[in-house]
Amino acid sequence: MQEAREAGVRGCRIEVRGTVQGVGFRPWVYRIARELGIAGRVRNDPSGVLIDAFADPQALERFREALRRAPAPAEVQALSWREIAPEPARTFSIEASSDAAERRISIPPDLATCPDCVREISDPGDRRAGYPFTNCTACGPRFTIATDVPYDRAATAMRSFTLCAACAREYGDPLDRRFHAEPNACPHCGPRLRAMDEHARDLEGDALGTAARALCGGRIVAVKGIGGFHLACDATSGPAVRRLRERKRRDEKPFAVMVRTLEDAQRFADLTVAEARLLASPQAPILLARRKPDTCLADEVAPRNSLVGLLLAYTPLHHLLLARVGRPLVMTSGNRSEEPIAYRDADALARLRGIADVFLLHDREIVTPCEDSVVRFVAGRPVLLRRSRGYVPRPVRLAGPVRRPVLACGGQLKNTFCLAAGDMAVLGPHIGDLDSPESLQALDEAIGRMTRFLAISPQIVAHDLHPDYASTRYAMGRKEPSKIAVQHHHAHVASALAERGLEGPVLGVAYDGIGYGLDGTAWGGELLLANASRFERIATLRPLRLPGGEQAIRQVWRLSAALLDDAFDGDPPLGSIPLFASVPPARLALVRQMASRGVSSPLAHGVGRLFDAVGALVSGRTVARYEGQIALEWDVAADPEEGGRYSFAIDRARIPWELDLRAMVRELVGDLRAGHPPAAISAKFHNTLAVATSALVRAASTRHGHLPVVLTGGCFQNARLAGSIADDLSPRFDVLLHGSVPPGDGGLALGQALVADAVARGGS
Ligand code: ZN
Ligand code: ZN
Ligand code: FE
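When you line the sequence shown up against our numbering, it's residues 584 to 1347, in that order.
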């Protein structure tokens, strides 16, 4: 009898690839193996999970089928199997592995609270009812609480909390959904909330209730979250949001709004199915979505902007708080503008004093700060504009291994760094703009932790070509002897190569605000023929004078004046353009004189600057409130039905070729003077830029052969521009947009790492 049954047993080795580590995948495999009567074992291996399974063929077939349907946050991308010799195993087990390569990726990203845990905290009969630190193998903090590798409770901020008997039982039971959930906790043994006032004095009583009452009363509460502090206020109250703007010194940049459920989110924005799915994903990013008119959201949340940044509650604390206040909350980074996010209690109490009225704190330490990620759909697909919480430290797999470990220090704005070793590149969390010594220190600390976590000792340090970037100076100050400078737009194109696992060459369209060029001028409207090790500048945008340099980036009317002087050969019809009515004539004259004489007026090729100049002309706004405002917002203003465009020229006598948009500017001014609506003008401007870019790509491919095209640089946060170019070039060209790596400077470091490796090995 026994013999007969065993005769039917087959062996099967299954390799699973995808998001399968640190997300409760192995316990889940264990459970379904038990259910299906499969013997054998499961373990992590460097590239995924490996399963040896023994059972009759039908059971094995059912097992493989079940494996493909792993529950979120696990995601099976590929599953392959082969027959192996059967073993007389009777049970199924989870095997530990101590592979060095596994250590490298053993820390998973932070995961939003799962539906099961949400149910528990809202169930009055559950022992975790109302408990703000509930989590399980499918959810909870990970990266932000890790102090060391391998990822294990003793190497997290949870080491100071001793599991109670009930929690220990869950933690040790392979059939429990908290089996090896490292931050497992309950009201008896886990972290606790506390509330403090602005003077760091304890507020007695129910901390959550105190914070909720303050929010409902229009006050500002600093909430300690997963990756740092948020500043929260009632998103439906104009006075509350205005107060937050004043105290935080942030005048127009939109605030993100947190809601409890997808249905709530749909009240404020029109969401596609894919957008809704991403919003509710375990990564729980901020989604830039089309704002619905006439909602209860205060205008001050995103002034003069038809997009709204929405995110769902992603910790039990958020769920409980939102349930109490019963309204959407502004949730913005806990900092003053331009500073790094506060994440330690003492630091928050000091730095957010004068902004927050109440502090909602807890005693689970945040080890590594990690801000919310930001995503927007472009051409129907999600593009990360800021890649941080939920995604970091998930690696990007490269087409081939780097020869020596590389640290890439990123750019000046929206800084992130990158560590590459083997065939993996890990982008660090969003650090932000490196204008303050505090940000630079945050960068240094983050690099220190990540090199430790990944056990990588960099041998090559990559940095931007710009000598004055704080990240460049930081790179120069590091002890590693090998430093490699990487041209900004080459790095952008290479980041797209790295993300897509391509070797090149490609035609890279790199459009952004500014990046240091090989000739010392500011590039940013570039068409490059590039692979990882080298590039050729095929074409560029006719440069614009920036009268007053940096000043022109904020006072965008200066750019508009320079643009018009160029387009109308020094005699533009300024009097008929409303923008200039608010500029004192003497200043206008001075600025135009500076530009025409080239005094303090550097040349800039950046498409971002063109957006600023044209956007200011059409909108009549003299000042850009934050970097990239117009390039990011103006596409939304564009009339989707408008198919017209303006004229342009490509000067192919020059090397590189020059895209000349002076004719466009003249025609656009004509439309403006004729009183055409801004939406139509914006659409025609976008269409012109898209058609001109496609024309450049076609001309380049005639000369250099048919190559894939990548669209990269901060301007490709603009959905209309990216979408139109992609439409125009497809299907004849393979057009690659960014997805999991930001097109802007937040993705720069990945490209720097790839280029530095290629250069170091002397590739061609
Ligand atoms: Zn959970
Ligand atoms: Zn407990
Ligand atoms: Fe850039």
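Built from N, CA and C at the ideal position, the CB exists for glycine as well. Only a predicted model underlies this, so the values are computations on that prediction, with no experimental measurement involved.
Closer than 6 Å by C-beta to residue i: which residues in its own chain qualify, once you throw out the five before and the five after it? Chain order, please.
i, result
"G1227", "K1267"
"P770", "Y714"
"L1337", "A1077, A1081, A1115"
"H813", "V806, M914, G917"
"P554", "Residue 554 lies beyond the range of the chain shown here (584 to 1347); nothing can be said about it."
"A1003", "V985, V989, A1336"
"N1270", "R1228"
"L798", "V804, D817, V908"
"I634", "I597, V625"
"G1100", "W1106"
"L1186", "T1104, P1126"
Can you tell me whether DSSP reads residue i as helix, strand or coil?
i, result
"S1143", "helix"
"I1067", "strand"
"V1197", "helix"
"V979", "strand"
"T727", "helix"
"S916", "strand"
"N718", "coil"
"D1340", "helix"
"I597", "strand"
"N1270", "helix"
"I1308", "helix"
"D568", "The first residue shown for the chain is 584 and the last is 1347, placing residue 568 beyond what the model contains."
"C992", "coil"
"C1298", "helix"
"I704", "helix"
"P899", "helix"
"G808", "coil"
"G788", "coil"
"H1046", "strand"
"R1192", "helix"
"I1039", "coil"
"A587", "Reliability of the predicted coordinates at A587 is poor, the pLDDT of 39 falling under 50, and no value is obtained from them."
"F675", "strand"
"R775", "coil"
Under 8 Å, do residue i and residue j count as touching if we go by C-beta distance?
i, j, result
"D1095", "G1189", "yes"
"P1261", "S1202", "yes"
"A1302", "D1218", "yes"
"A607", "A721", "The question names Ala, yet the displayed sequence has Gly at residue 607. For G607 and A721, yes; Cβs fall inside 8 Å."
"A649", "V592", "no"
"R1256", "S1159", "yes"
"R647", "I597", "yes"
"T793", "V1092", "no"
"A1150", "V1274", "no"
"C879", "T819", "yes"
"A991", "I1014", "no"
"C700", "T717", "yes"
"P757", "P610", "yes"
"F851", "R826", "no"
"R1035", "M1007", "no"
"N862", "L845", "Correcting the residue identity first, residue 862 is Leu in this sequence and not Asn. Contact flag set, yes."
"V1280", "L1090", "yes"
"G1334", "V961", "no"
"E658", "T730", "no"
"L944", "G1108", "no"
Looking only at its own chain, which residues have a Cβ that is under 8 Å from the Cβ of residue i, when we skip the five neighbours before and after it?
i, result
"R986", "D1340, A1343, R1344"
"H1321", "V966, L967, S1078, A1079, E1082, L1294, T1295, F1299, G1330"
Ignore the nearest five residues each way along the sequence and tell me which others in residue i's own chain have a CB closer than 7 Å to its CB.
i, result
"I1264", "V1201, L1251, D1254, L1255"
"A790", "L776, R777, A778, L943"
- If you pair each beta-carbon of the stretch 744 to 764 with each one of the stretch 897 to 911, do three or more pairs fall below 8 Å? The stretch 744 to 764 makes no contact with the stretch 897 to 911; the number of CB pairs closer than 8 Å stays below 3.
- Message: Quick check: the stretch 1047 to 1062 against the stretch 987 to 1003, are at least 3 beta-carbon pairs closer than 8 Å?
- Response: In short, these stretches touch, since the Cβ pair count reaches three.
- Item | Residues near ligand 2, criterion Cβ-heavy atom distance below 7 Å | Every residue passing the under-7 Å Cβ criterion appears here: L746, C747, A749, C750, A768, C769, H771, C772, G773.
- Message: For the stretch 766 to 785 against the stretch 865 to 872, do three or more pairs of beta-carbon atoms, one drawn from each stretch, fall closer than 8 Å, so that the two count as touching?
- Response: These segments do not touch.
- Can at least three beta-carbon pairs, one atom from the stretch 1014 to 1031 and one from the stretch 919 to 927, be found at a separation below 8 Å? These segments touch.
- Take every Cβ of the stretch 668 to 675, pair it with every Cβ of the stretch 933 to 953, and state whether three or more of those distances are shorter than 8 Å. By the criterion of at least three beta-carbon pairs nearer than 8 Å, the stretch 668 to 675 is not in contact with the stretch 933 to 953.
- So, do the stretch 1041 to 1049 and the stretch 1287 to 1302 have three or more beta carbon pairs nearer to each other than 8 Å? Between the stretch 1041 to 1049 and the stretch 1287 to 1302, the count of Cβ pairs shorter than 8 Å is below three; the stretches do not touch.
- Flag this pair as touching only if the stretch 1165 to 1181 and the stretch 1191 to 1199 have three or more C-beta atom pairs under 8 Å; answer yes or no. At 8 Å Cβ cutoff, the stretches do not touch.
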